[in-house]
Every structure is written in structure tokens, then in C-alpha cells.
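**Student:** Before I ask anything, let me first share the structure, which is written out below as C-alpha cells.
Residue numbers (my numbering), protein chains in the order written: chain A, 1176 to 1671; chain B, 721 to 1057.
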């Protein structure tokens, strides 16, 4: 086993005068999984891009096995055996699996001529070494996220990566897929790869990581052995203060039933889904990714109506065939994919917040900009959106702040029933706690909340009752007191 | 995860056509041939098909360049103006020096084309101007240069030496030279896009530009390259055009750029980038040529020719959009397993 050490000292990098990294250090060793932890905006992504040669640091040195190296671009980093799997997967949907693995460094016969036979042969070997068997000529667009990730790992291996950076590899995976991924990560560790592992899910770091380095606001906080820290320690190091309460659920007396769903069915998506949602209640919807939870919520909201079944709102049977009708019935949906469904990224915060109820601010076809601005300002302030002005473009905000804008947008419609689809996916711990606080407050004010979440601690911590789905069917319903991790997982993985 | 993906096996007939767009096109072309030959007996003859091939050669050549650029998520609207400018310039050279060897004229045309293409590439990569705007600008500039250069004059058949006129029309291997040249261009394009490193990078760039950069592909160079290649092909096409029509006019190939886009899109090149094949683009051009020819033979008015062409473009784009949507749903369904 080769021993390799990547050492980075005093790395600083600023963009347009803003410090993204200030004097950060990091040391990676062969056969080690090193976690990199920090809130959004702490500088993790920038550090990763320095390691992979995408960005060059303003100051600081990088040593590989005590030899100083310069990483001018991703090719040079790859040549040093450094490769990365990015959060936004760098898959080429129109290329087949084999070519995806070798893009940027296809084997050639003579200069410039692509050696396809070698590509397919080596792709086959790489994937079977990962225990993955796929038709190599399948276009990558037909693969699941987990499969695409395997392609990325194979790509990293194809350059004999000595250092492998994994940027939030688990954020879009189901629990089973995470288990598969960890098997591979452990195998790589045994063969002497140094792995830098980034994740927001603290629990999984304790499972996979040996060491952890924490960044905060672009600065270095500390490096510790995972054995010697607790989850609370890590949170304190990341946030710089103690977060007393990750799940500040207030006890609320549930009121009358506001939403009753009966035998809701849509062919191919979900079947016979029935449940009730009460005023002031948070109903958690648990299940694996793809269990049909999002589809059910979209059917209720009229995005893709169900084929069969009934929906009652406050005792009245309703037919909802589009989101406009849903909003008239007091429904609001905060979608899972905020970049695609929740926000118009090139528009500013004001426009985003006022979008669902522009009619309120319009008289005789003219938009009253001042009123809209005022309302947006109020909503954004209430949500503690961190932005320079309400004219700032949504795409310039961090993930957590984007999520707050989406929440502000829907709360400004004064909903009675709020559907939250993965409300805290991919946002940092501080913001997460804020969002949880807000959910609890909203429930206390009498709003009924349907919360879809794939994070069990969140489901257990925030829900009054937990509904579990598996393959499009409801497989369990637990009260807050009877719900446990085991019961939920069992219901989520087995059909009744 | 160890088995083949369920979505992959479920894709059926629909995805068969999605993946083999060419077969659908061939089917459509055959159908069209049957329909037209029932209407006009003169259609299904060897001479007429030779005619069709001659007529679509220049279109096909430039559509290949256009398709390649669209694969990178760009577009080149200046192709027709480039062609016209080169045609005008080489014709003037020939008018002044009729003894110039034809091969020199061809090289001159290619050289001029590559310069004009480089200008596009430069504006797009260094100037960071979106391709549609950059080439919209050069479309006008190059066309303006045609007027400037010619002072509004035309070069007439009588001004051109007969050796040059034979360049496009002469026969080799039983086919007009122009068709042979187009076939050679197509073969080169096919090899380039399938077997050459930078040809494959074109697909990677169009499929996911960010990822291409991260993978170490020199995306700026690739982008620059495709516009130069387009210029080269347009230069060659300009020479061929002057030879075939024995003239260079200020309105040469006016509006032709849209036909090249049409041929590429009908041939299955996705406006979203990353998708497109050489056989597909050739079939797209052939389809347009057959329609034009068939409608002329049936003496149907120009209006219908244009309307049918427009209808086909819409059909192609709508079917593409449907395919994309279907792929998306099969994908998300795949997540359930």
C-alpha cells in the first residue's frame, strides 16, 4: 500500500474582495476517510476546488508527500492523482456509461484517435471492481442518481486516484444506496486511497469518517479524531455557538381535521393513500426516496392530480386540478427541488416572494411596486433571510437563504395547510434549526403542516404523527410517542 | 443496483425511436417518396435523384457544420453570409485572374472561410458574446462586406472560366463532383465526431458544459474550433456555390442559414445540446430536398414549400420535447426501485 500525504497550509482565497478561505490547513493521509465539515458558505466548496485545481489559492502551499505542488487546472490535479466527485454530479447525460468514465482522458490509439475498445474494456473492469453491472452503452441520462454516482467513482478510480474528494455524495441517496456507497468507500480506504468526505448528515460521519476538519466562515476551526468528538461538539465547532434545540417542537393541541385524503390513487405512482391532517399538527411523511410521497403531495396540490380518491378540506369535498385552485383552498406547497420548482433564480427576492399573489399588488393591470416591495421586505425580515437587499437575485443566495425565500413566498399567501417537501435538505445546521423553529411556530398558530422528510431525526423530532410510505402505499402510521427509528425503517422498507 | 436499471428495459418502442431517430426519418422519407411518385411520375427517376442530391449537397455540408455547433449549445447564423462573401471574393479573383488554378481557388475559399469563422469564434470565446447574438452580428457584417466588396455588382457566368465551372458539375465516380465533395465532408465529419478526441469533446461540452470544464476539457478551445470548422466548410461551400451557379450575387444564399438549422434540427440535433449524428443531419437535408423537389414537380406553390418545411421543423422540435419529457418521467420512476 502506497503511503500518500496531501498537506495544505495557510490556504487563502478571495473572490472580488470577499474572503472565501482564510488561512485554512488540511492534512489527508492514505487509508483515511477525512470529513470536511462546515455550514454553507464556510468555504468547503472553495477548498475542494483548490484541491482539485479548479481554483488557485491566493496564498498558501500544497504539498504531496512533502513535495510542493502547483495545481493550475483540473488536469494537473488529476495528473497528481487527485480527483473529485462533486455535489452537482458532473455526468454527461448524452454520453454512454463507458465514455462518461473517460471524458477528458480517453485512451487513444495514435494522437487524437479514440480507442473505443480500450474504453469499453477498462470501463467494464472498473465497474465490476465496484460490484456494479450495467450495460456500458446505456446513456447516462437513463441512470438513477446512485448509479450516476458509481460512474463518477469509477471515473475517479480510472486515474488511480490517490486522493479522492467526495462532495456531499449521500445527499440524494436512499439509505440502502448510502450503505452500498459506504461499502465502496471502505474498500477504497483499505486499498490506500485518502478520502476527503463532505456531508451535512452528521450521523453518517460517525459511521464512515476517521478524522474531521471543521471550517467556519472561511476560517479553520480544528481537526479532530472522530472517536473523540460528539455530535454536539461538531455542531458547536461549525456554528460557533451551542444550538440548544435542533428540534424545538412545541406541544400543540391538535384541532379539527382540515385535510382528509381518502383512497387517493394515481397509476404507477401511489395507491389507496388515506390520511387526515389536523389543525396545528405536523404530520411527518417518511419513506425512502421514490416511495411516492412527493407524488401524493403534488396530487393534493393539483400539480399532477390523482386518478381516483377524494380530498376534503375542512369537511368539504374539493376537486383540485391545478395549483391555483389549491391556493384558493388555502394550500401551499414548498417543493423539494427549490432551484427548479421553488424559485425563479434570475429574479430578485421581491419578485419571488410576491409571485404567487401578484394580483394583490395589481390594480388595473399595473403592479404597485412599492406595496410589493414592502410586503416582500416584511416577509423576508420575518424569515430572517440574509441578503443585502430585497433586490438581490435569488441565485446569489445560499441554499439555506433560498429555502427561507421559498418559505416566505408561500407563507405570504396565508395558507391553512402547508406542505413541506424535504424542507431542510442540503441546508446548513444553523438554518435548519431556524426552519424547525419556524415550523413549530406555524403549527402553534394553527397551520396544519404535512412534512415530507427523508431524514429520520427530523421526522422523529418534528412530527406529531408519522405516516410511512413504501412503493406508493401507506405502510405505517405512528403517534409521536410510539414512533421509533426502527419502526419507521421497517415500515419504509417492507410492504404490508 | 447490481442489476440493469428497470427504466432501461422498460423503454420499449418509444425510446427505440428516441435513440434511432435516423430510422424514423428513413421511414418518413420512404413514405414521402411513395406519395410523391404516385403524384408525379417524373419523380422516381435516376436523373431526378441525381438532381436532388446536387441540390442538397451544399445544404447538407453546411448543415453538418451547423449541427456540430448546435451540439455545443451554440448556433451559427452567419453561415449564409460567409458563403456569399467567399463566393463573391473568389469570383472576383477569377474574373481578374482567370488562369488561377482551381485548387488554389478552393484553398483560398477555405482560407477565407476559416478567417471569417475565427472571427465568430473569437467574439464568442474571448468576447463572451452569446453565439446567437455574435453570429447575428456577423451575419449582417459579412453580408454588408459582400456589398462593399462588389459595389453591388454581380459576377456573371461569362466572367468565370470554364475550368472553374466544371468544379461542381464535372463527374467523378458517376456522381457530380459537388456530391462527391459533400460525401467526403460527411465522412470526415463522421470520423471526427465519433473517433477523434476533440470531436467527442464537442458532445461532452454540449451535454454538460460545467462538467466538461471540470473534466479538464479545454472548453474555450473546443468552442473556438467549431466556429472555425464552420467557417472552413462555408468557405468550401462558397466556392462550390459560385461554380455550380456560375455566378456570385449580392443576395447569394440569402436566408439559407435557417435552412441549415432546419436540416440539423429535423435530423435530430437537439437545440439543448449534446445530441446529434452525421447520418441524422444528412437525412434531414435529404428530407428537405425531397420535399422541395416533389412539391416543385407537383407544381405546388412556393408558399406550400415553405409551409411544409416549417411544419416539419415544428414536428421535429415537438417530438424532441416529448422525448425529453418521457425520458424524465422514466428516470424519476426509476428512482422508486
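The C-beta atom is built at its ideal place from N, Cα and C for all residues, glycine as well.
Using a beta-carbon distance below 8 Å, is residue 935 (chain B) in contact with chain A?
**Tutor:** Here residue 935 (chain B) refers to the residue found at position 215 of the second chain. Residue 935 (chain B) counts as touching chain A.
**Student:** Which class does residue 938 (chain B) belong to by DSSP, given the choice of helix, strand or coil?
**Tutor:** Position 218 of the second chain holds residue 938 (chain B). Here residue 938 (chain B) sits in coil by DSSP.
**Student:** Roughly how many angstroms separate the alpha carbons of residue 817 (chain B) and residue 887 (chain B), rounded to a whole number?
**Tutor:** For the purposes of this step, residue 817 (chain B) is taken as the residue at position 97 of the second chain. For the purposes of this step, residue 887 (chain B) is taken as the residue at position 167 of the second chain. Near 17 Å, if we compare the C-alpha coordinates of residue 887 (chain B) and residue 817 (chain B).
**Student:** Anything in chain A within Cβ reach of residue 917 (chain B), meaning under 9 Å, just list it in chain order.
**Tutor:** In the second chain, the residue the question calls residue 917 (chain B) occupies position 197. The answer, in chain order, is 1281, 1283, 1286, 1287, 1288, 1289.
**Student:** Along the chain, where does the alpha helix (DSSP H) containing residue 1481 (chain A) start, and where does it finish?
**Tutor:** Along the first chain, read from residue 1 onward, the residue named residue 1481 (chain A) stands at position 306. Looking at the DSSP string, residue 1481 (chain A) is not in any alpha helix (DSSP H), and its letter there is neither H nor E.
**Student:** Suppose you measure from the CA of residue 770 (chain B) to the CA of residue 898 (chain B); what does that come to, to the nearest Å?
**Tutor:** The residue given as residue 770 (chain B) occupies position 50 in the second chain. The residue given as residue 898 (chain B) occupies position 178 in the second chain. Cα-Cα distance, rounded: 11 Å.
**Student:** Can you tell me which residues form a DSSP beta bridge with residue 1493 (chain A)?
**Tutor:** Position 318 of the first chain, counted from the start, is the residue given in the question as residue 1493 (chain A). Partner(s): A:1486.
**Student:** Should the region 1202-1215 of chain A be called in touch with the region 1385-1396 of chain A, which here means at least 3 C-beta pairs below 8 Å?
**Tutor:** Yes: the two stretches touch, three or more of their Cβ pairs being nearer than 8 Å.
**Student:** For the beta strand (DSSP E) that residue 1185 (chain A) lies in, which residues bound it at each end?
**Tutor:** Taking the first residue of the first chain as position 1, residue 1185 (chain A) is located at position 10. Per DSSP, residue 1185 (chain A) belongs to the beta strand (DSSP E) from 1180-1190.
**Student:** I need the boundaries of the alpha helix (DSSP H) containing residue 1619 (chain A), first residue and last residue.
**Tutor:** Here residue 1619 (chain A) refers to the residue found at position 444 of the first chain. Its alpha helix (DSSP H) spans residues 1604-1619.
**Student:** Return no unless some Cβ of chain A is closer than 8 Å to the Cβ of residue 871 (chain B).
**Tutor:** The residue given as residue 871 (chain B) occupies position 151 in the second chain. False, the Cβ-Cβ gap to chain A never drops below 8 Å.
**Student:** Give a yes or no on whether the C-beta atoms belonging to residue 1032 (chain B) and residue 986 (chain B) are separated by under 8 Å.
**Tutor:** Counting from 1 along the second chain, the entry for residue 1032 (chain B) is found at position 312. Counting from 1 along the second chain, the entry for residue 986 (chain B) is found at position 266. The answer is yes: Cβ separation under 8 Å.
**Student:** Measuring alpha carbon to alpha carbon, tell me which of B:792, B:846, B:876, B:767 ends up nearest residue 972 (chain B).
**Tutor:** Counting from 1 along the second chain, the entry for residue 972 (chain B) is found at position 252. The shortest Cα separation from residue 972 (chain B) among B:792, B:846, B:876, B:767 belongs to B:876.
**Student:** So residue 1160 (chain A) is in the beta strand (DSSP E); what residue range does that whole segment cover?
**Tutor:** Given a span of 1176 to 1671 for chain A in the structure shown, any question on residue 1160 (chain A) remains unanswerable.
**Student:** Residue 1225 (chain A) touches chain B at which residues, Cβ-Cβ below 7 Å?
**Tutor:** By one-based count along the first chain, residue 1225 (chain A) stands at place 50. Near residue 1225 (chain A) there are no residues of chain B at all, since even the closest Cβ is about 14 Å away, more than 7 Å.
**Student:** Starting from residue 924 (chain B), find everything on chain A with Cβ-Cβ shorter than 7 Å and list it in chain order.
**Tutor:** Numbered from 1 along the second chain, position 204 holds the residue referred to as residue 924 (chain B). Residues of chain A passing the Cβ test: 1267, 1270, 1278.
**Student:** Enumerate in chain order the residues of its own chain whose CB-to-CB distance from residue 1009 (chain B) is below 6 Å, with the five nearest sequence positions on each side excluded.
**Tutor:** If you number the second chain from 1, residue 1009 (chain B) lands on position 289. Cβ neighbours of residue 1009 (chain B) beyond the five flanking positions: 772, 775, 776.
**Student:** On the CB-based measure, 16 or more other CB atoms within 10 Å of its CB, does residue 1269 (chain A) come out buried or exposed?
**Tutor:** Numbered from 1 along the first chain, position 94 holds the residue referred to as residue 1269 (chain A). Burial call: buried.
**Student:** With a threshold of 8 Å between beta-carbons, can residue 1670 (chain A) be considered close to chain B, or not?
**Tutor:** Within the first chain, numbered from 1, the residue matching residue 1670 (chain A) stands at position 495. Note that residue 1670 (chain A) scores a pLDDT of 47, beneath 50, so its modelled location is shaky; the value from the coordinates is reported in the next line. No - not a single Cβ of chain B is within 8 Å of the one on residue 1670 (chain A).
**Student:** On the CB-based measure, 16 or more other CB atoms within 10 Å of its CB, does residue 808 (chain B) come out buried or exposed?
**Tutor:** Counting from one through the second chain, the residue named residue 808 (chain B) turns up at place 88. Classification of residue 808 (chain B): buried, given that the 10 Å Cβ count is 16 or more.
**Student:** Report the partner residues of residue 1377 (chain A) according to the DSSP bridge assignment.
**Tutor:** Translated into positions along the first chain, residue 1377 (chain A) becomes position 202. Note: residue 1377 (chain A) sits in no beta bridge, so no partner.
**Student:** Can you name the residues of chain A whose CB is closer than 8 Å to the CB of residue 995 (chain B)?
**Tutor:** Here residue 995 (chain B) corresponds to residue number 275 of the second chain, with the count starting at 1. Those are 1269, listed as they occur along chain A.
**Student:** Does the region 1465-1483 of chain A touch the region 1552-1569 of chain A, meaning 3 or more C-beta pairs lie closer than 8 Å?
**Tutor:** Contact between the region 1552-1569 of chain A and the region 1465-1483 of chain A is absent, because fewer than three Cβ pairs lie under 8 Å.
**Student:** Are residue 1662 (chain A) and residue 1647 (chain A) closer than 8 Å when you measure CB to CB?
**Tutor:** Taking the first residue of the first chain as 1, we reach residue 1662 (chain A) at position 487. Taking the first residue of the first chain as 1, we reach residue 1647 (chain A) at position 472. Not in contact: residue 1662 (chain A) and residue 1647 (chain A) (Cβ atoms no closer than 8 Å).
**Student:** Apart from the five residues on each side of it in sequence, which residues of its chain come closer than 7 Å, Cβ to Cβ, to residue 892 (chain B)?
**Tutor:** Numbered from its first residue, the second chain carries residue 892 (chain B) at position 172. 900.
**Student:** Nearest to residue 1295 (chain A) by CA position, among A:1644, A:1309, A:1497, is which residue?
**Tutor:** As a first step, residue 1295 (chain A) is located in the first chain; it is residue number 120 there, counting from the start. The option with the nearest alpha carbon to residue 1295 (chain A) is A:1309.
**Student:** Say whether the region 785-799 of chain B touches the region 941-955 of chain B, bearing in mind that this needs 3 or more beta-carbon pairs closer than 8 Å, one atom from each stretch.
**Tutor:** Touching, yes.
**Student:** Against chain B, with Cβ distances strictly below 8 Å, would residue 1250 (chain A) count as a contact?
**Tutor:** Counted from its first residue, the first chain places residue 1250 (chain A) at position 75. So yes, residue 1250 (chain A) belongs to the interface.
**Student:** What are the boundary residues of the alpha helix (DSSP H) that includes residue 676 (chain B)?
**Tutor:** Only positions 721 to 1057 of chain B appear in the structure, and residue 676 (chain B) is not among them; the question remains open.
**Student:** Assign residue 973 (chain B) to one of three DSSP states: helix, strand, or coil.
**Tutor:** Working through the second chain from its first residue, we reach residue 973 (chain B) at position 253. Residue state, collapsed to three classes: coil.
**Student:** What residue from A:1590, A:1481, A:1275, A:1218 has the CA that sits closest to residue 1197 (chain A)'s CA?
**Tutor:** Mapped onto the first chain, residue 1197 (chain A) falls at position 22. Nearest of A:1590, A:1481, A:1275, A:1218 to residue 1197 (chain A), Cα basis: A:1218.
**Student:** Hey, does residue 928 (chain B) have any beta-carbon neighbour from chain A nearer than 8 Å?
**Tutor:** One-based indexing of the second chain puts residue 928 (chain B) at position 208. True, the Cβ-Cβ gap to chain A drops below 8 Å.
**Student:** Tell me where the beta strand (DSSP E) around residue 1440 (chain A) begins and ends.
**Tutor:** Counted from its first residue, the first chain places residue 1440 (chain A) at position 265. Looking at the DSSP string, the run of the beta strand (DSSP E) that includes residue 1440 (chain A) is 1432-1441.
**Student:** With a threshold of 8 Å between beta-carbons, can residue 1253 (chain A) be considered close to chain B, or not?
**Tutor:** On the first chain, residue 1253 (chain A) is found 78 positions in, with the first residue counted as 1. True, the Cβ-Cβ gap to chain B drops below 8 Å.
**Student:** Return the residue from the list A:1213, A:1287, A:1639, A:1590 that minimises the CA-CA distance to residue 1508 (chain A).
**Tutor:** Your numbering for residue 1508 (chain A) matches position 333 in the first chain. That would be A:1590, whose Cα lies nearest to the Cα of residue 1508 (chain A).
**Student:** Applying a beta-carbon distance threshold of less than 9 Å, which residues of chain B neighbour residue 1274 (chain A)?
**Tutor:** In the first chain, the residue the question calls residue 1274 (chain A) occupies position 99. Those are 920, 923, 924, listed as they occur along chain B.
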